[in-house]
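These protein sequence lines are chains C and D, in that order.
For the first sequence, the tail end lands on 513 under my numbering, and the numbers increase by one without skipping.
For the second sequence, the tail end lands on 367 under my numbering, and the numbers increase by one without skipping.
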Amino acid sequence: MAVYRLELAKHLISNVIIERINHEFSKRDKIILDEIKSLIDERMAAWKRDNSNGVNGTTAYPEQHSAPLFAQNIDSSPPNALISSHSTPRNRQEISNKAISSKDTAQESRSKIPKRVSLPKINIPEREKKDFSESTATATGGASLVAGHEEYKQSANVVALPELKPTIQPTAKPQSQQRGSLESKDKDDGDDDPSVSLSGYNAYEMPQRTPLIHKQQSSHSSNIVEPVADGFHYSQCRSKVYGPSYPIEAPDPLSGARLVLHHVYGYDGDPNNKQQPFGSKGKNVFWIDDYRIVYPAAAIIVINDVRRDSKQGFFCGHTDKVTCIAIHPSRRRVASAQGGKESFILIWEPKNIKRGLSVSKSAVKLLSPSGMRSISGLDYSGDGRFLVAAGVSDVRWLIIFDCREGSIIVSMKVGHNDLTQALFNPYSFVPFPEQHVTSSMEQNNSFRKGCYTLVSYGGKHIKFWTLKGKKTLKLRERERERELCDSFYQSHHHSLPSSPSLDIIVTYPVLLL
Amino acid sequence: MEEIAGLESISSFHGRKLVAKRGSQQTVVKYTLEGNLGVLTKAASSVAGMEITSVVVINDNSNHPDASIDGTFISNTRSRYFFGTSVGSILIWQHLEDDLMAGVLDGKDASPSWLPKGKLLSVVMELHDGPIIGLDYCGVVNSDPNSEQYTERIISSSTDGIINVWQLNRNSITSPSQPMDHLGYIELHKEYARSISWNRTGSSALLGTAENSILLLKYDDVDDDIVMDRPNMSVGVVLQSHHGRVHRLAVHPIIRFLVASISSDKTIRLWDFNDRVLVSSFVAVDLLTAVTFSPDGSSLVVGAANGDISVYQCEVLTQCISQFSNQSSSSPSSSWRLDLSNAQWMISRKRNIMLKQSKSYCYMLIR
Chain C
1 MAVYRLELAK
11 HLISNVIIER
21 INHEFSKRDK
31 IILDEIKSLI
41 DERMAAWKRD
51 NSNGVNGTTA
61 YPEQHSAPLF
71 AQNIDSSPPN
81 ALISSHSTPR
91 NRQEISNKAI
101 SSKDTAQESR
111 SKIPKRVSLP
121 KINIPEREKK
131 DFSESTATAT
141 GGASLVAGHE
151 EYKQSANVVA
161 LPELKPTIQP
171 TAKPQSQQRG
181 SLESKDKDDG
191 DDDPSVSLSG
201 YNAYEMPQRT
211 PLIHKQQSSH
221 SSNIVEPVAD
231 GFHYSQCRSK
241 VYGPSYPIEA
251 PDPLSGARLV
261 LHHVYGYDGD
271 PNNKQQPFGS
281 KGKNVFWIDD
291 YRIVYPAAAI
301 IVINDVRRDS
311 KQGFFCGHTD
321 KVTCIAIHPS
331 RRRVASAQGG
341 KESFILIWEP
351 KNIKRGLSVS
361 KSAVKLLSPS
371 GMRSISGLDY
381 SGDGRFLVAA
391 GVSDVRWLII
401 FDCREGSIIV
411 SMKVGHNDLT
421 QALFNPYSFV
431 PFPEQHVTSS
441 MEQNNSFRKG
451 CYTLVSYGGK
461 HIKFWTLKGK
471 KTLKLRERER
481 ERELCDSFYQ
491 SHHHSLPSSP
501 SLDIIVTYPV
511 LLL
Chain D
1 MEEIAGLESI
11 SSFHGRKLVA
21 KRGSQQTVVK
31 YTLEGNLGVL
41 TKAASSVAGM
51 EITSVVVIND
61 NSNHPDASID
71 GTFISNTRSR
81 YFFGTSVGSI
91 LIWQHLEDDL
101 MAGVLDGKDA
111 SPSWLPKGKL
121 LSVVMELHDG
131 PIIGLDYCGV
141 VNSDPNSEQY
151 TERIISSSTD
161 GIINVWQLNR
171 NSITSPSQPM
181 DHLGYIELHK
191 EYARSISWNR
201 TGSSALLGTA
211 ENSILLLKYD
221 DVDDDIVMDR
231 PNMSVGVVLQ
241 SHHGRVHRLA
251 VHPIIRFLVA
261 SISSDKTIRL
271 WDFNDRVLVS
281 SFVAVDLLTA
291 VTFSPDGSSL
301 VVGAANGDIS
311 VYQCEVLTQC
321 ISQFSNQSSS
331 SPSSSWRLDL
341 SNAQWMISRK
351 RNIMLKQSKS
361 YCYMLIR
């Protein structure tokens, strides 16, 4: 093993020399490299001598400090790392602490291992000798990472897999003393009893390490690891090392964990909030029935009971700070807008949100025109059909949504003056509900008398607007819309509903008037 | 989109492109009041810097103020707009009675053009000392059959901290000098109002404040002969919260549901996590950075950004701790409530740990 490592290092260095020989090559670099080469030669000779005497390969490094770079790098390779013991206790503890807390650390350290081998090729010729200490330090870090990795595996068995014994599955017991802590099992037992054979150690270890070993063995040396039929032969182990009979993912006790919102202490009441420069200055606390109120708290809209034993329900569909809220005249539907990068309006129904621990995200999303930074005001028309939004971009906008179609029917710039809010006059157009409309009334259009009027106000202005009914109020159109809504409702009970004519997906008929 | 199981997914659809609508905007400005122009009277416009801060629309055409919600009547467009201004006055603007539909109303093309006319009825000055931030309107069913069927109440809130309740005067169209009568008030402290809304019956109003708390104002009907000197509204707290970033939390070592928090609003607040209410709050001088309870729970240690470490103590808390430990040992199921309403927090010890030479030390480090 060590011979292989040293040969590899030597090979790399000679490669470097060949590569660099065409370039400007400082004398000092040459001296350094020559020194290293000679050191490696010495070490190889010593190892061969020791090995011929039958000494274990790990003792081939009598003086690690004389050639720190390669010695450490070699140690950071996987098989030696398992038995390396020279990482400082502080490092080891740190790393192992990290490793216990997260699996990723271990995987990271694992992924670093192959890269270590090629490290000297990049670093040596360009650096002064002084820098060797640095690279040595990194190499030591790598080694200790691996050492920590091993500790992690043991500790992971303790933490995450208390019922599984850490097992390697050789036919005979491993010889290495450092592996003494890992109990071994007979192969027969393992095959008969999967709960024992499926050790966390092997499940993690074998599938990932195997390709690495294969690669090294095929490219350079042949006497290190020999893939035997269903097993691997490590030079440190006399017996073969087997993978698990079938690898499993270690069960993660926290895989289904999530946080549950219990209570929100807070309410966005500050109208001059710096984090919300274009937020609403209007109302944002509303009654939705005799006892429940709705108000925003950051990106959450809370439905609270004003009685003493108040338990809250939450609407969590927003992804950024909620700027304003509007309540449908029936008080059964709420529209809420958010500012920030993605500014949109959600329409949702509070009846879906029960008291206590209920989080709802189901809503219909109305997208404001692109480029809106915020929506500073929202209001429903008196019949709940239209929704006016005061948009903020470089200029101020009035945007009117048709809540039945989910479309924008008006979006116009209204100037640079600060637009505090835009409101519908709730009394200026109130049609009958459908069941009250008789055919005679439809004919003479009497129920359509009136207009939608709006008022917008803000810096130095009040503006009164009328929304001219174009053809949208025609009877034909209304029937078509009703059919559309019906189709939404029916298809809701099937799979994902979608309308071909409009880009609408509705999960429940929130758009029904 | 990933969703928690059991929840319906957010559906979405896209609005039409903005560019396509640019040529055919259907919204027409009929009336514009801008600055000193338009129909603002001289009296109103003479006040410099007046801005509209709130609005409420009331319907003058219906006897039933809430009928519109049920959709049981055909509305005329006659309605009044009450604009609260930044100088504490209210402008009342009205759609005129001769608002008529113009154009063709045959069955083919029902696109009536409507020419609303309006006028400024009156400007009611000096209702509040500050900007009128919130206005809300409510129609109340009278129990007394002899009087009118409905009284209509308007509640106005301002940053001067006073909440006023007004009764709408229906005859104000003919006599615009008295559009509304004062019914009651309550005085809170300043910078308070943000959002106000009546409940359905007009018996209580919900006030969201700029300091991030929500109050429930209960309005008591009073007889006319009672002098209006005393406030006739009562305050209940729905929720209170910090109005700044919360920096640290500390859990009480004995009363486990008592939690102290510090915030950038320079207040220290103690919360009861069982009842989910604020139990105590006091103000510190400097920006706070750290908070913890002493191990016996009797004192609260607070660190400030200027290096002060202050130890706060409170007799009521000490009593509460003993009560709690007695109660929990005897009968753990009994409902004992933490009451710190009378708590007076006193600084028992204070020490500054900021190094005298800290500035020069930092300077050396930087160099």
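Yeah, the Cβ is synthetic: ideal placement off N, Cα and C, and Gly gets one too.
Predicted model only: the values in this text are computed from it and were never measured.
Shorter than 8 angstroms from the beta carbon of F286 (chain C) to some beta carbon of chain D? As a position in the first sequence, residue 286 (chain C) is number 286, starting the count at 1. Taking Cβ atoms only, chain D reaches closer than 8 angstroms to F286 (chain C), which makes this a yes.
Excluding the 5 residues preceding and the 5 following I409 (chain C) in the sequence, name in chain order all residues of the same chain whose CB lies nearer than 6 angstroms to its CB. If you number the first sequence from 1, residue 409 (chain C) lands on position 409. Excluding sequence neighbours, I409 (chain C) sits near I400, D402.
Grouping DSSP H, G and I as helix and E and B as strand, with all else coil, what is F257 (chain D)? To locate residue 257 (chain D), count along the second sequence from 1; it is residue 257. Coil, per DSSP.
Same chain only: Cβ atoms within 7 angstroms of L338 (chain D), ignoring 5 sequence neighbours per side: Position 338 of the second sequence, counted from the start, is the residue given in the question as residue 338 (chain D). If we look at L338 (chain D) and ignore the five residues flanking it on each side, its Cβ neighbours are I255, L258, D272, V279, C320.
Three-state secondary structure assigned by DSSP to K321 (chain C): Mapped onto the first sequence, residue 321 (chain C) falls at position 321. Correct three-state label for K321 (chain C): coil.
Are G415 (chain C) and I375 (chain C) closer than 8 angstroms when you measure CB to CB? What you label residue 415 (chain C) is simply residue 415 of the first sequence in a count that begins at 1. What you label residue 375 (chain C) is simply residue 375 of the first sequence in a count that begins at 1. The answer is no: Cβ separation not under 8 angstroms.
Would you verify that the beta carbon of K350 (chain D) is, or is not, closer than 8 angstroms to some beta carbon of chain C? Your numbering for residue 350 (chain D) matches position 350 in the second sequence. Chain C contact via Cβ: absent.
Quick one: grab the DSSP three-state call for I293 (chain C). By 1-based counting over the first sequence, the position of residue 293 (chain C) is 293. Looking at I293 (chain C) - three-state DSSP - the assignment turns out to be strand.
How about V373 (chain D): is its C-beta nearer than 8 angstroms to some C-beta of chain C? Coverage of chain D is limited to positions 1 through 367, which leaves residue 373 (chain D) absent and any answer about it impossible.
Within chain D, partners of K351 (chain C) - CB distance below 8 angstroms: Here the question's residue 351 (chain C) lines up with position 351 in the first sequence. Correct list: empty, because the minimum Cβ distance to chain D is about 13 angstroms.
Taking the beta carbon of L259 (chain C) as the centre, do at least 16 other beta carbons fall within 10 Å, making it buried, or is it exposed? Taking the first sequence and counting its residues from 1, the one referred to as residue 259 (chain C) is at position 259. Label assigned to L259 (chain C): exposed.
Spell out the partners DSSP gives W348 (chain C) in its beta bridges. Here residue 348 (chain C) is taken as the residue at index 348 of the first sequence, counted from 1. Partner(s): C:V334.
Nearest residue (CA-CA) to Y291 (chain C), options D:R80, D:G88, D:S204, D:S157: Locating residue 291 (chain C) in the first sequence gives position 291, where the first residue counts as 1. Checked all of D:R80, D:G88, D:S204, D:S157; the closest Cα to Y291 (chain C) is D:S204.
According to the neighbour-count rule (16 or more other Cβ atoms, all chains shown, within 10 Å of its Cβ), is E211 (chain D) buried or exposed? On the second sequence, position 211 is the one that residue 211 (chain D) refers to. Buried is the call here.
Against chain C, does V55 (chain D) count as a neighbour if the rule is that its beta carbon must be under 8 angstroms from one of theirs? Within the second sequence, residue 55 (chain D) is the residue found at index 55, counting from 1. Using a CB distance cut-off of 8 angstroms, V55 (chain D) counts as an interface residue toward chain C.
The beta strand (DSSP E) spanning V395 (chain C) covers which residue range? Numbered from 1 along the first sequence, position 395 holds the residue referred to as residue 395 (chain C). Neither: V395 (chain C) is in no beta strand (DSSP E) and is coded neither H nor E.
Expressed to the nearest angstrom, what Euclidean distance is found between the alpha-carbon atoms of T58 (chain C) and A46 (chain C)? The sequence position of residue 58 (chain C) within the first sequence is 58, counting from 1. The sequence position of residue 46 (chain C) within the first sequence is 46, counting from 1. Reliability fails at T58 (chain C), whose pLDDT of 42 lies under 50, so the model's placement of it is uncertain and no value is given.
Name, please, each residue of chain C whose Cβ falls closer than 9 angstroms to the Cβ of W271 (chain D). If you number the second sequence from 1, residue 271 (chain D) lands on position 271. Under the 9 angstroms cutoff, chain C gives Y265.
Is it right to say S38 (chain C) is buried, meaning 16 or more other beta carbons lie within 10 angstroms of its own, or is it exposed? Your numbering for residue 38 (chain C) matches position 38 in the first sequence. The residue in question, S38 (chain C), is exposed, as its Cβ has fewer than 16 Cβ neighbours within 10 Å.
Give me the Cβ distance between L317 (chain D) and S298 (chain D), rounded to the nearest whole Å; I'm assuming they're in contact under 8 angstroms. As a working note, residue 317 (chain D) is residue 317 in the second sequence. As a working note, residue 298 (chain D) is residue 298 in the second sequence. Correct: roughly 7 angstroms between the Cβ atoms.
Interface residues of the region 177 to 203 of chain D facing chain C [CB-CB below 9 angstroms]: Listed by position along the chain: R194, S195, I196, S197, W198, N199, R200, T201.
Determine the DSSP secondary structure at T88 (chain C), reduced to helix, strand or coil. Sequence index remark: in the first sequence, residue 88 (chain C) carries index 88 (1-based). Reliability fails at T88 (chain C), whose pLDDT of 41 lies under 50, so the model's placement of it is uncertain and no value is given.
Please confirm if Y81 (chain D) has its CB atom under 8 angstroms from at least one CB of chain C. In the second sequence, the residue the question calls residue 81 (chain D) occupies position 81. So yes, Y81 (chain D) belongs to the interface.
Considering V285 (chain D), what are the terminal residues of the beta strand (DSSP E) in which it resides? Indexing the second sequence from 1 puts residue 285 (chain D) at position 285. Segment: none, V285 (chain D) is in no beta strand (DSSP E) and carries neither H nor E.
Can you list the residues of chain C that N342 (chain D) reaches, using a CB-CB cut of under 7 angstroms? As a position in the second sequence, residue 342 (chain D) is number 342, starting the count at 1. Those do not exist, as N342 (chain D) stays about 20 angstroms from chain C at its closest Cβ, beyond 7 angstroms.
N-terminal and C-terminal residue of the beta strand (DSSP E) that T267 (chain D) is part of: By one-based count along the second sequence, residue 267 (chain D) stands at place 267. Here the beta strand (DSSP E) through T267 (chain D) covers 267 to 272.
With which residues is R49 (chain C) paired in a DSSP beta bridge? Within the first sequence, the letter at position 49 stands for residue 49 (chain C). Answer is none; R49 (chain C) lacks a bridge partner.
May I ask you to report which of helix, strand or coil DSSP gives T453 (chain C)? By one-based count along the first sequence, residue 453 (chain C) stands at place 453. In the structure shown, T453 (chain C) sits in a strand (DSSP, three-state: E or B).
Which partner residues of D181 (chain D) appear in the DSSP bridge assignment? For the purposes of this step, residue 181 (chain D) is taken as residue 181 along the second sequence, with counting starting at 1. Note: D181 (chain D) sits in a beta bridge opposite D:Q167.
Got a sec? Which residues, its chain only, sit under 7 angstroms from Q25 (chain D) by beta carbon, not counting five neighbours each side? Stepping through the second sequence from its first residue, residue 25 (chain D) is reached at position 25. Low per-residue confidence applies at Q25 (chain D): pLDDT is 39, beneath 50, and the placement is therefore not dependable enough to give any value.
Give the straight-line distance between the Cα atoms of D265 (chain D) and W345 (chain D), rounded to the nearest whole angstrom. Along the second sequence, read from residue 1 onward, the residue named residue 265 (chain D) stands at position 265. Along the second sequence, read from residue 1 onward, the residue named residue 345 (chain D) stands at position 345. Going by C-alpha positions, D265 (chain D) is about 18 angstroms away from W345 (chain D).
Delimiting residues of the beta strand (DSSP E) encompassing A250 (chain D): To locate residue 250 (chain D), count along the second sequence from 1; it is residue 250. It spans 246 to 251 - the beta strand (DSSP E) in which A250 (chain D) sits, taken as one unbroken run.
DSSP on E51 (chain D), reduced to helix/strand/coil? One-based indexing of the second sequence puts residue 51 (chain D) at position 51. E51 (chain D) falls in the coil class under three-state DSSP.
Apply the 10 Å Cβ neighbour rule to M125 (chain D) and answer buried if 16 or more other Cβ atoms are within range, or exposed otherwise. For this step, residue 125 (chain D) is matched to residue 125 along the second sequence. Exposed.
Using 8 angstroms for Cβ pairs, my map puts L215 (chain D) next to V238 (chain D). What's the rounded Cβ distance? In the second sequence, the residue the question calls residue 215 (chain D) occupies position 215. In the second sequence, the residue the question calls residue 238 (chain D) occupies position 238. Rounded, the Cβ-Cβ distance is 6 angstroms, consistent with contact.
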